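S.K.: Below is the structure I would like to discuss, written out as structure tokens.
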Amino acid sequence: MVRMVGKKKSLIRLGSMLLITALMSSGCGSNSPAKTEDKPVKVGIIDTYTGGAAVYASDSLDGFKLAVKEFADKGGPKIEFVTRDDEFKPDKSTSWAKELVMREQVDFLAGTTNSAGSLAVSQYAKESKVPFIVWGGMSEKITGEAGHRYVFSTLPNTAIIGKAGAAQLSKSSYKKVWLAGSDYEYGHSLINNLWSNLTTLKPDVQKMDESWWRVGETDFTPYINAIRSAKPDVLVVGTGGADMVAFMKAVKATGLNKEIPVWAHTSYDPSTLRPLGDQAPEGVMGTNPYLYNYPDTPENKAFAEAFKKEYNREPAAFALYGYMGGKFLGEAIAKAGSTDKEKIIDAMEGLTIDTPVGKATLRKEDHQVAIPMSYGVVAKVNGVFTGGDLHTLNSEEIMPSVDQILKARSK
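Residue numbering for the sequence shown is -25 to -1, 1 to 386, as defined by mature numbering (1 follows the signal peptide of the UniProt record, and there is no 0).
Structural data, given as structure tokens:
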């Protein structure tokens, strides 16, 4: 009987030890935090996936997906995403942002090609304290006067584009300038910034007049006829999305580029040239931050090859913007060592990463990406339309100063 009691005590003691071991290994009964698999960061993407501007949104999305895939292949931060189509309508952008945050419970928002949509979603992001990565809208207000802690931009804005365009045009002999563009946020913002910088660089330039067409315009003949009759030295255009392709077609069809020099941002970007086919107007000047064959570096070649392997086409500028959005997010998650949104924001501020165009930094003061910009003309090289006579402006030459940003935000 005594032996049985001793045996029972031994079994109880052994069971207690096993229980304690199990509790410790599971994290219970221990001061050490439990080791659990990191939850993915969920991104809600709002962009224009139907209509003429879809080409830009598709490039951005595919660039982002490539970055997410690269992190997954290396066992890095886990990023999930869902998409919504705003149809290039700012009110729909905001509605989808609210749905994604409240119903889908996304951690981050991203998008949007329409600048007015970006500003609207940015305001909601500020109010709801959900970080928003902009890789489509180019208005300088996004990270300028309307900027805040919860918005980041991974593409050059209109303040940067305007400064780069003015630098290109200031090297010419043009004095009489006609300004034109799409009558919405992006068009006016680009033209205002370019003109302001150009008058500083070339005080003797003169504005002859302005033309503004509605978003979605299909008949540019009246505008082109008026410009042709006035005979300016140069036509400076601020237009984007579907309007950019339609306008370039009209320039080619009317032969305007053979009579009057024309400038337009992204004139030689593949997203503009692909839909034009052999109807691209040669000689149109412009600026662009990225081409799949420029800069001619191993890093850019690797990116272009990876993108083409994945999607069977060369990457355009918006592919770079989406790719950088994904890279900045993944690197910030890794740096923060957390999926907490506020910690990721802290990690993204001032973060520098390697990209196909070299080092890129999300400036701490305004969350605006700093990358180089090229300028050149539409040219036919070996039977293919692309950028020609290319020159590079480094980010220090084209970024607005921090003082300018702080002054704009204080108004």
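All C-beta atoms, glycine included, are put in the ideal place defined by N, C-alpha and C.
Bear in mind the structure is a predicted one, so any value in this text is a computation, not a measurement.
Which of the three DSSP states is assigned to F195 in this structure?
M.R.: Correct three-state label for F195: coil.
S.K.: Can you tell me which of the three DSSP states I20 falls into?
M.R.: Residue state, collapsed to three classes: strand.
S.K.: K177 by DSSP, collapsed to three states: which one?
M.R.: K177: coil per DSSP, three-state reduction.
S.K.: Can you give me the start and stop residues for the beta strand (DSSP E) that R59 sits inside?
M.R.: Counting along the chain, the beta strand (DSSP E) containing R59 begins and ends at 54 to 60.
S.K.: Quick check on the DSSP output: what are the complete alpha helix (DSSP H) runs of length 4 or more inside the stretch 63 to 128, in order along the chain?
M.R.: Entirely contained in the stretch 63 to 128, the alpha helix (DSSP H) runs reaching 4 residues are, in chain order, 65 to 77, 90 to 103.
S.K.: How would you write the range of the beta strand (DSSP E) that I328 sits in, first residue to last?
M.R.: It spans 327 to 330 - the beta strand (DSSP E) in which I328 sits, taken as one unbroken run.
S.K.: Compute the Euclidean distance between the alpha carbons of E340 and E120, then round it to the nearest angstrom.
M.R.: The straight-line gap from Cα to Cα measures roughly 12 Å.
S.K.: Starting from the C-beta of S148, find all residues in its chain whose C-beta is less than 8 Å away, skip the five residues before and the five after it, and write them out in chain order.
M.R.: Cβ neighbours of S148 beyond the five flanking positions: D208.
S.K.: Under the DSSP definition of a beta bridge, which residues are partnered with V352?
M.R.: BP columns for V352 point to M260, G363.
S.K.: Please state whether the Cβ-Cβ distance between V352 and V259 is less than 8 Å.
M.R.: Contact: yes.
S.K.: Let me confirm a value: S35 is counted as buried when at least 16 other C-beta atoms fall within 10 Å, else exposed. Which label applies?
M.R.: Flag for S35 reads buried.
S.K.: With a threshold of 8 Å on Cβ separation, who are the neighbours of I199 within its own chain once the five nearest residues in sequence on each side are excluded?
M.R.: The residues are A225, V226, T229, L231.
S.K.: If you follow the alpha helix (DSSP H) that A28 is in, where does it begin and where does it stop?
M.R.: A28 -> no alpha helix (DSSP H), and no H or E assigned at all.
S.K.: Determine which residues share a DSSP beta bridge with T336 and list them.
M.R.: Paired residue(s): T327, A345.
S.K.: Within 10 angstroms of its Cβ, does Q143 collect 16 or more other Cβ (buried), or is it exposed?
M.R.: By the neighbour-count rule (16 or more Cβ atoms within 10 Å), Q143 is buried.
S.K.: Considering only DSSP beta bridges, list what E185 is partnered with.
M.R.: Per DSSP, L154.
S.K.: Per DSSP, which residues does Y269 bridge with? Please list them.
M.R.: Per DSSP, L266.
S.K.: Just to confirm, are P65 and A91 a CB contact at a threshold of 8 Å?
M.R.: Yes, these two residues count as a Cβ contact at 8 Å.
S.K.: Please list the terminal residues of the continuous beta strand (DSSP E) segment that includes A239.
M.R.: Per DSSP, A239 belongs to the beta strand (DSSP E) from 237 to 239.
S.K.: Taking all protein chains shown into account, decide if K146 is buried (16 or more other Cβ within 10 angstroms of its Cβ) or exposed.
M.R.: Label assigned to K146: exposed.
S.K.: Alpha carbons only, please: which of G111, E115, L295, T272 is nearest the one belonging to L165?
M.R.: When each option's Cα is compared against that of L165, the closest is E115.
S.K.: Cβ atoms of T88 and V96: under 8 Å apart, would you say?
M.R.: Not a contact, by the Cβ cut-off of 8 Å.
S.K.: Since V212 is in the beta strand (DSSP E), which residue starts that stretch and which ends it?
M.R.: Note, V212: beta strand (DSSP E), 209 to 213.
S.K.: Can the beta-carbon of L94 be found closer than 8 Å to that of G137?
M.R.: It is not a contact, given that the beta carbons lie outside the stated cut-off.
S.K.: Which residues in the same chain as W238 place their Cβ atom closer than 8 Å to its Cβ, once the five residues preceding and following it in sequence are excluded?
M.R.: The answer, listed in chain order, is G140, Q143, L144, V209, L210, V211, V212, V259, M260, G261.
S.K.: Would you check if the distance between the CB atom of L337 and the CB atom of M323 is smaller than 8 Å?
M.R.: A contact, by the Cβ cut-off of 8 Å.
S.K.: So, under 8 Å CB-CB, V220 and G50 are touching, yes? Tell me the CB distance rounded to an integer number of Å.
M.R.: Wrong, their Cβ atoms sit about 41 Å apart, outside the cutoff.
S.K.: In chain order, what residues of the same chain have a beta carbon less than 8 Å from the beta carbon of T193, not counting five sequence neighbours either side?
M.R.: A221.
S.K.: Tell me the residue span of the alpha helix (DSSP H) that contains A217.
M.R.: Residues 216 to 229.
S.K.: With W251 as the anchor, note down where its alpha helix (DSSP H) starts and where it stops.
M.R.: Here the sequence assigns Leu to residue 251, which means Trp is not the residue at that position. Its alpha helix (DSSP H) spans residues 245 to 251.
S.K.: Measure the C-alpha to C-alpha separation of N132 and V180 and round it to an integer number of angstroms.
M.R.: Cα to Cα, N132 sits roughly 24 Å from V180.
S.K.: Quick one: Cα of Y24 to Cα of P178, how far?
M.R.: One C-alpha to the other measures close to 42 Å.
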